[in-house]
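Each remark here refers to the structure printed beneath this line.
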Amino acid sequence: MTALAVSPSRRAVLSSGLAGGVLLAFRLPAFAVNEPEQPPDSTAGKFAPNAFIRIDGSGKTIFVMPQVEMGQGVYTALPMILAEELDADWNSVVFEHAPANEKLYANPVLTVQATGNSNSVRAFWKPLRQAGAAARAMLIGAAAKEWNVDPASCTAADGKVIHSASGRTLPYAALVAAAAQIPPPKDPPLKDPKQFKIIGKPVKRLDTPAKAQGKAVYGIDAMLPGMKFATLAACPHFGGKLAHCNDSGAKKIPGVRQVVVLDDLVAVVGDHMWAAKKGLDALKLMWDPGPYGHVDSALIWKEIAKASERTGLVAKKIGDADKALAEGEKFERHYQMPFLAHATMEPINCTVHLTNDSCEIWLGTQIMARVQSTAAATAGLPLEKVIVHNHLLGGGFGRRLEPDMVVKAVRIAKHVDGPLKVVWTREEDIQHDLYRPVYYDRLTATLKDGRIDGWLDRVTGPSIVARWLPPAFTGNHNIDFD
Amino acid sequence: MPIELRINGETKSVDVPADMLLLWVLRDVLGLTGTKFGCGMALCGACTVHIDGNPVRSCLLPVSAIGNRAVTTIEAIGATPEGARVQKAWLDLEVIQCGYCQPGQIMSAAALLKSTPHPDDADIDAAMAGNICRCGTYVRIRAAIKHAALGSAKEATL
Chain A
7 MTALAVSPSR RAVLSSGLAG GVLLAFRLPA FAVNEPEQPP DSTAGKFAPN AFIRIDGSGK
67 TIFVMPQVEM GQGVYTALPM ILAEELDADW NSVVFEHAPA NEKLYANPVL TVQATGNSNS
127 VRAFWKPLRQ AGAAARAMLI GAAAKEWNVD PASCTAADGK VIHSASGRTL PYAALVAAAA
187 QIPPPKDPPL KDPKQFKIIG KPVKRLDTPA KAQGKAVYGI DAMLPGMKFA TLAACPHFGG
247 KLAHCNDSGA KKIPGVRQVV VLDDLVAVVG DHMWAAKKGL DALKLMWDPG PYGHVDSALI
307 WKEIAKASER TGLVAKKIGD ADKALAEGEK FERHYQMPFL AHATMEPINC TVHLTNDSCE
367 IWLGTQIMAR VQSTAAATAG LPLEKVIVHN HLLGGGFGRR LEPDMVVKAV RIAKHVDGPL
427 KVVWTREEDI QHDLYRPVYY DRLTATLKDG RIDGWLDRVT GPSIVARWLP PAFTGNHNID
487 FD
Chain B
4 MPIELRINGE TKSVDVPADM LLLWVLRDVL GLTGTKFGCG MALCGACTVH IDGNPVRSCL
64 LPVSAIGNRA VTTIEAIGAT PEGARVQKAW LDLEVIQCGY CQPGQIMSAA ALLKSTPHPD
124 DADIDAAMAG NICRCGTYVR IRAAIKHAAL GSAKEATL
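See below:
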């Protein structure tokens, strides 16, 4: 086993303002810590021409990922785009999670710092090519200046600037300081796709070696000095409240430190998840179902079937459908798509360290900036007092496009001293998923001479986009889309 | 009372309740976070470790039941011939997507190859049925197990 480095949290280092040598004065944790010492997106001592590229003096090329990795391979696809235009040495490429920063890392298609809709490569194709090309031009400019030659007489390949006429080369690592002095070009020329050396070629994924060795760090793996562990039970009825909590049994469980009772949830805090889980099982809880206690699947299906009979907005109309549907042999079938939990392999979790004037969050999320603003609002702190550390995601599927786990974790953390890892049990994860909505499809078709002549598809269901990205919904004339 | 465990070739002393499940000792006490929590009911296989070389769901195994038997986790499985071959095959065939279930998949596959060096589809299905992958990498997992077994055959003929 490799010994894991023990280090204080970034907050401790920042707030102390002390140099590394004094760090031994901090209390060492009882367990290993697996969070990187350096904050994400650090530019110290590096060539950092834009939000996405960092090259350090050793030649390591760090790409800051504006989209998150949840299995779809984006931590390889986006580096390929950057490395191509940068002419980076592919073997020197590493990735880093982006910090929360809507301005620098918003998805151009979604307009927010989010990963979803299967659009990462499409959305970032041009911006990343431009970022790579601009950085390449600056590195070439720095080398040309050093050699006192025309930049146009230089080329670049595999992390080096080349002056073919004189046979000279300089590695990017040697140009880190000088390239930072070159003004970034406004409209750097992009490669002709025929010149591509990386894009379109098979490469090995950058994220998988660590995953095969058990070294990859997901949000649920965040480990901090002095951390406590919590698990929770939220009211099983939407809008319901906790009526009664008897925690006397839970408090007797070895390792249980605290029971946090809020108006709609209870959390048990312990030395480890085992104590927290046992404590949760030992609670005696009574819930007040609240105003929606009577809502069940039967009622929802009844209501949605009724709603589907009404006239809706027309998303698309081709030809004289009314006429075609009025004639010939008619078929009508109804299809029900049930509520579905996303069931990410990594159960929902969120680690929080909340103090009077700061909030630090560790998790894997598809919505970095929204997690930051949600945590700030929940904690009652200004945005800049909230730091979010993103991680690899053990599955997203849209579940991690929601910040509900952050709200719950911060609410619990308000009552707990020190860093707190809140991990949902699988049962809680399934029961309190923000489900994929129900849909009721009413399909009608008419036949003429044995062929489909008229076709009507009426889709009834709640809109995710209307809630999640209202401008996109209204911009589409209030017609839902995926 | 402290409990002594043999984990990845090292003896670890942990002061935890005797009924505490191995998964949480590994993750929350020892910081060996490569072993994953998925369900807590031995339904998904993400928490699979080896006890004396046999695959076991650590989420249901009390530490007091382990005794002197050797615990091996994903962090050390690469030191065994089967583990190393499986990890290499997983990367050669790019099995992994989100990767969260893969420590468990790799532990189950390594145990399979140890007991059955040349498994057929039925052997693979039987050994891997308890490991769930939400990304759906099953087809590549099966191919990679065969690839790893082939690696073993090649070594044998050398």
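Chains as they are written, first to last, in our numbering: chain A, 7 to 488; chain B, 4 to 161.
Here a beta-carbon is modelled for each residue, glycine too, at the ideal position from N, C-alpha and C.
Discussion item. If the criterion is Cβ atoms closer than 8 Å, does the pair A/I68 and A/E108 meet it?
Written reply: For A/I68 and A/E108, no; Cβs fall outside 8 Å.
Discussion item. Can you tell me whether A/D486 is helix, strand or coil according to DSSP?
Written reply: Coil.
Item to complete: List the DSSP bridge partners of A/K427.
Response: Under DSSP, A/K427 forms a beta bridge with A/F235 and A/T357.
Worksheet item: Near A/L453, which residues of its chain fall below 7 Å by C-beta distance, leaving aside the five closest residues on each side in sequence?
Response: Once the five neighbours on either side are set aside, the close Cβ partners of A/L453 are G334, E335 and D459.
Worksheet item: Excluding sequence positions up to five away, which residues of its chain have a Cβ less than 8 Å from the Cβ of A/A550?
Response: Past the edges of chain A, shown from 7 to 488, lies residue 550 of chain A, and the structure says nothing about it.
Worksheet item: Between the stretch 70 to 87 of chain B and chain A, which residues of the former have a C-beta closer than 9 Å to a C-beta of the latter?
Response: Those residues of the stretch 70 to 87 of chain B that come within reach of chain A (Cβ to Cβ, closer than 9 Å) are T76, I77, E78, A79, I80 and G81.
Discussion item. With a threshold of 8 Å between beta carbons, is B/E7 in contact with chain A?
Written reply: With 8 Å as the cut-off, B/E7 does not count as an interface residue toward chain A.
Worksheet entry | Min CB distance A/D287 to chain B below 8 Å | Not closer than 8 Å to any Cβ of chain B, the Cβ of A/D287 fails to qualify, so no.
Practice prompt. Determine the direct distance from the alpha carbon of A/A383 to that of B/T51, and round the result to whole angstroms.
Written response: Across the structure, B/T51 and A/A383 are spaced so that their CA atoms are roughly 39 Å apart.
Practice prompt. Could you tell me which residues DSSP pairs with B/Y141 in its beta bridges?
Written response: Bridge pairing for B/Y141: absent [DSSP].
Worksheet item: In or out: A/A25 buried (at least 16 other Cβ within 10 Å) or exposed?
Response: Legend: pLDDT at A/A25 = 34, less than 50; position of this residue unreliable, value from coordinates given subsequently. Counting Cβ neighbours within 10 Å, A/A25 comes out exposed, since fewer than 16 surround it.
Worksheet item: What's the C-alpha gap between B/D31 and A/M279?
Response: Going by the C-alpha atoms only, they are around 7 Å apart.
Discussion item. At the level of alpha carbons, what is the spacing between A/K290 and A/C251?
Written reply: Rounded to whole angstroms, A/K290 and A/C251 show a C-alpha spacing of 6 Å.
Worksheet item: Using the beta-carbon of each residue, which ones in chain A are nearer than 7 Å to B/D55?
Response: Near B/D55 there are no residues of chain A at all, since even the closest Cβ is about 18 Å away, more than 7 Å.
Worksheet item: Can at least three beta-carbon pairs, one atom from the stretch 187 to 194 of chain A and one from the stretch 73 to 81 of chain A, be found at a separation below 8 Å?
Response: With the cut-off at 8 Å, the stretch 187 to 194 of chain A and the stretch 73 to 81 of chain A do not touch.
Worksheet item: DSSP three-state call for A/L475: helix, strand or coil?
Response: Here A/L475 sits in coil by DSSP.
Fill in: For A/W474, the nearest candidate out of A/A50, A/V118, A/D95 and A/A57 (CA to CA)
Ranking the options by Cα distance to A/W474, first place goes to A/V118.
Practice prompt. Taking only beta-carbon positions, decide if A/P215 is within less than 8 Å of chain B.
Written response: Nearest CB-CB separation between A/P215 and chain B: below the 8 Å threshold.
Worksheet item: Is A/A163 near the ligand COA, with its Cβ less than 7 Å from a heavy atom?
Response: You won't find the ligand COA in this model; it holds no ligand whatsoever.
Worksheet item: By DSSP, does B/C47 sit in helix, in strand, or in coil?
Response: Of the three classes helix, strand and coil, the one that applies to B/C47 here is coil, per DSSP.
Fill in: Spatially closest choice to B/I69 from B/A132, B/V28, B/V89 and B/K39, by CA coordinates
When only C-alpha atoms are compared, the closest one is B/V28.
Worksheet item: Roughly how many angstroms separate the alpha carbons of A/K52 and B/I77, rounded to a whole number?
Response: A/K52 and B/I77: Cα-Cα distance of roughly 35 Å.
Worksheet item: What did DSSP end up calling A/S303 once you bin it into helix, strand or coil?
Response: Shown here, A/S303 sits in a helix according to DSSP, grouped into three states.
Discussion item. Please report the straight-line C-alpha distance between B/M44 and B/T140, rounded to a whole angstrom.
Written reply: Between B/M44 and B/T140, the C-alpha separation is close to 22 Å.
Discussion item. Can you list, in chain order, the residues of its chain with a C-beta nearer than 8 Å to that of B/P65? Leave out the 5 residues immediately preceding and following it.
Written reply: For B/P65, the CB contacts under 8 Å within the same chain, skipping 5 residues up- and downstream, are A21, D22, M23, L24 and L25 in chain order.
Worksheet entry | A/I393 vs A/E366 beta-carbon contact at 8 Å | Yes, the pair counts as a contact, with Cβ atoms nearer than the cut-off.
Worksheet item: Taking the continuous beta strand (DSSP E) assigned at A/V416, which residues delimit it?
Response: Where A/V416 is concerned, there is no enclosing beta strand (DSSP E), although the alpha helix (DSSP H) it sits in stretches over D410 to A419.
Worksheet entry | Residues that B/R137 contacts on chain A, provided the C-beta gap is smaller than 7 Å | Residues of chain A whose Cβ lies closer than 7 Å to the Cβ of B/R137 are, in chain order, A349, T350, M351 and G401.
Fill in: beta strand (DSSP E) segment containing A/L4, residue limits
This structure leaves residue 4 of chain A out entirely; chain A is present only between 7 and 488.
Worksheet item: Can you give the Cα-Cα distance for A/K217 and B/I99, rounded to whole angstroms?
Response: So the alpha carbons of these two residues sit roughly 8 Å apart.
Worksheet entry | Distance between beta carbons of B/I6 and B/S67, contact taken as under 8 Å | About 7 Å separates the beta carbons of B/S67 and B/I6, which is inside the 8 Å limit, making them a contact pair.
Discussion item. Buried or exposed for A/T49, going by 16 or more other Cβ atoms inside 10 Å?
Written reply: A/T49 counts as exposed, since fewer than 16 other beta carbons sit within 10 angstroms of its beta carbon.
Worksheet entry | Touch test, the stretch 118 to 127 of chain B against the stretch 89 to 103 of chain B, Cβ-Cβ under 8 Å, three pairs minimum | Judged by Cβ distances under 8 Å, the stretch 118 to 127 of chain B makes no contact with the stretch 89 to 103 of chain B, as fewer than three pairs qualify.
Fill in: Residue nearest to A/L196 in terms of C-alpha spacing, selected from A/P133, A/D455 and A/A171
Comparing Cα-Cα distances from A/L196 to each of A/P133, A/D455 and A/A171, the minimum goes to A/P133.
Worksheet item: Once you ignore the five residues that flank A/I168 on each side, which residues in its own chain have a CB closer than 8 Å to its CB?
Response: Cβ contact annotation for A/I168 (same chain, cutoff 8 Å, sequence separation greater than five): C160, T161, A162, R174 and T175, in chain order.
Discussion item. Taking the beta carbon of A/H340 as the centre, do at least 16 other beta carbons fall within 10 Å, making it buried, or is it exposed?
Written reply: Exposed: under 16 other Cβ atoms inside 10 Å.
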